[in-house]
Amino acid sequence: MKRLLFSGLLAAATLTLTAADSPYGVCAHLNRMPPEEMKQELAGIARTGIGFVRTDLDWSQVEPEPGKWNFTRWDALVGEAGRQGVKVLPILGGELPAHGKPPFRNLERWLNYVERCVSRYKGRIDCYEVINEADCDRPWGEKPDPANYAALLQATYRTIKKADPRARVLFTGVSDFGRPMEFVEGVFRAGAGDSFDVMNFHPYQWRNVPESQLPLRIRDLKALMKKYGIDKPVWITEIGNSSAPDRFLLARETVPPALKKLGFSPERDTVGVIADDRTLFHTGRIDDYLPEWKRRRQLTFDELRTVPVADCPILALPGREGFPASQIGAVAEYVRRGGTLILPGGFPFYFDFRESETPGLFRTVQIDGQLLPQLHLGQEAFWLKPGVPRTTAATEAGEEFPGLVLTHRPGMRFLNGANLKGNDRLIPIAYGVNGNYRMPIAALYRLDSNLRGNIIVAVDAAGTDSVTEKEQAQLLPREYLLALSEGVQKVFNYRFRAGEWNRGREAHFGIVRRDFSDKPAQKAYAALIRNCPPGSSRPEITSYGNIRQARWSRPDGVEVTALWTVHGIQTFQPEGGIPYRVETWDGAPQLPGKGPLRVTPSILYLIGTGRQYHAPSM
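As numbered in mature numbering (1 follows the signal peptide of the UniProt record, and there is no 0), residues -19 to -1, 1 to 599 make up the sequence shown, in order.
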């Protein structure tokens, strides 16, 4: 049982979030909606308490043909946002017209578009983001070049300031794919460091718990800015989590029959899951593909090294491509002793979660297949091996799994036997097929060499970076508090309303459903805003092992503490009574009573904490 420290906050040590400029934002494609739908969405945004909406100022919409301008949709949007009390952050460019793509080669037309937009909305809009994710191919139609973006940003900055000197110019929200910080540094090196007012990036966490990497991502960006003498505020204009229903579809169709082939039974055999506080690495839920396996055992990496295989014959790792490489020995030793390992999604061990100079924070470092020989696994993809197709046209069952029903989803990752040893066998469970190319996308590695166990692998990455609606609600306020505690001024959740055009990831990022009914994440966002309203002090976060504590003061002087765990459930018992009231993650009141409080990944808000308690001994 934990006893935590709740102390008074010193006003001199805090950074205040100004009430006039809310730190809470959301993304929504408002200008692409029918008018009534746009109004309803803005009403929902305002009802939640969100102060900013980021949306696309599509050049192709306001100037569909050269010289023909139509601001009807944008005039309606800006007017309605003003009536709802929501400020607008436009993304300059948005969908680009044929006559303006790429904009750096059509600079005169681009600057005319920028000047018209900024002049039209002067006094009603005071910030502009210059291109969404300019480090990706999509905005340009060609490989992005930081020098081209630097030139565009410099010219755009001058044009905006001439049209509206008070308007803030945002750097492009660099993506989370590839090497975005290399692109940012290229723009700085090209001399554009004085051509924006606000730095901006999109640090999606993709199934990593945000406590492990988000603070470090922000610090790394600030360190890069400092290297070039840039001292400007940082915004996050996209971050969020999809609650797509099709999670681990390939693993769901291939892992259970592989376990059955090996003679395992859900009624008899225990599945181990990693829950390691030291590395902040944990398997998480396995119900998406093993719902019948209720016998589960949590293990740290240290426990994994010694657990008897007979007691825990199966070990499931999370379906993500990152892993703390320092712990590969524990996994290999488990397989050497005869354990069966499940790797349910994506290329296994493709990235190393490497501890930084700050204990408890981890960097993601791409290591490709460096760890695979230790487990006798092999993989291939078009970016790793010539002749491998970029996608598949069909999915077929393996020879030893006749009649297996498989859902086809185009893939680009495949398995091979390049690292097999001794009498090891690779048994395909499912093949990805494109013409004459036919290679496993799910396989059972039966090992009979220096390793004596089994490894079941499914490399489909689709659905592995989605979460449940409950998890979406858990992660949203934690991401906000972590970012605000690092001095980020504004955070925009992607997005407000889910499109739900299919069952895939992109269609389910919203915090309300397509029919405008609330998902749990909407309630979590509203509760966060009520408990940490604009004007609150900057949250201060303290770690107590698996527990996180964030503290701040509201504008009315009331102190608030948020408590949550990175994973799992823990309890603590305050000493000396409980001089505060408790609200759950969705703002519902909870009577603390006299017993211990139950802390989970869903935030608890303790409101009015002014007394000091003993911190736990760790």
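Just so it is clear, CB atoms sit at the ideal spot from N, CA and C, and this is done for glycine as well.
- Three or more Cβ pairs closer than 8 Å define a contact, and the stretch 250 to 257 falls short of that threshold against the stretch 199 to 217.
- CA-CA distance, residue 7 to residue 177, rounds to 21 Å.
- If the five residues before and after residue 569 are omitted, its C-beta is found closer than 7 Å to no C-beta atom of its own chain.
- Fewer than three beta-carbon pairs drawn from the stretch 414 to 434 and the stretch 534 to 554 are found closer than 8 Å, and the two stretches are therefore not classed as touching.
- By the 16-neighbour rule on beta-carbons within 10 angstroms, residue 297 is buried.
- In the structure shown, the three-state DSSP call for residue 63 is helix.
- A residue is called buried when at least 16 other Cβ atoms come within 10 angstroms of its Cβ; residue 53 does not meet this threshold and is exposed.
- Spanning the alpha carbons of residue 279 and residue 263 requires a straight line of approximately 9 Å.
- Assigned with DSSP and collapsed to three states, residue 218 falls in strand.
- Counted as a single uninterrupted DSSP element, the beta strand (DSSP E) harbouring residue 8 occupies residues 5 to 8.
- Sixteen is the threshold: since fewer than 16 other Cβ atoms of the shown chains lie within 10 Å of the Cβ of residue 64, the residue is exposed.
- Here residue 401 has 357 as same chain residues with Cβ atoms under 6 Å from its own Cβ, once five neighbours each way along the sequence are excluded.
- In the pairwise beta carbon analysis, the stretch 112 to 125 is classified as touching the stretch 155 to 168: at least three pairs are separated by under 8 Å.
- Rounded to the nearest angstrom, the gap between the Cα atoms of residue 133 and residue 150 is 13 Å.
- Taking the Cα positions, residue 567 is about 9 Å away from residue 503.
- In the three-state reduction of the DSSP assignment, residue 19 falls in the helix class.
- Taking residue 514 as the centre and dropping the five residues before and after it, the same chain places the C-beta of 535, 536 closer than 7 Å to its C-beta, in chain order.
- The count of Cβ pairs closer than 8 Å, one atom from the stretch 403 to 417 and one from the stretch 426 to 441, reaches three, so the stretches are in contact.
- Where residue 474 is concerned, the enclosing beta strand (DSSP E) starts and stops at 471 to 474.
- Closest by C-alpha distance to residue 586, out of 88, 66, 505, 146, is 505.
- Contact between the stretch 338 to 357 and the stretch 444 to 457 is not established, with fewer than three Cβ pairs separated by less than 8 Å.
- DSSP links residue 49 through a beta bridge to 46.
- For residue 205, the closest of 520, 475, 182 by C-alpha to C-alpha distance is 182.
- Relative to residue 545, the option among 508, 485, 458 whose CA is nearest is 458.
- In the DSSP assignment, residue 82 is bridged to no other residue.
- Here residue 196 is buried, its C-beta having at least 16 other C-beta atoms within 10 Å.
- Burial is judged here by how many other beta carbons sit within 10 angstroms of a residue's own beta carbon; residue 240 has at least 16 and is buried.
- By the 16-neighbour rule on beta-carbons within 10 angstroms, residue 389 is exposed.
- Distance from the CA atom of residue 349 to the CA atom of residue 396, rounded to whole angstroms, is 13 Å.
- Only buried fits residue 439, as 16 or more other CB atoms lie within 10 angstroms of its CB.
- In this structure, DSSP gives residue 512 a helical state, which the three-state scheme calls helix.
- Taking the CA atoms as reference points, residue 68 sits about 10 Å from residue 27.
- Closest by C-alpha distance to residue 105, out of 70, 126, 483, 288, is 70.
- Under the DSSP definition of a beta bridge, residue 35 partners with 8, 70.
- Residue 484 sits in coil when the DSSP states are folded into three classes, being neither helix nor strand.
- Judged by beta-carbon spacing, residue 137 lies beyond the 8 Å limit of residue 179, meaning their Cβ atoms are not closer than that value.
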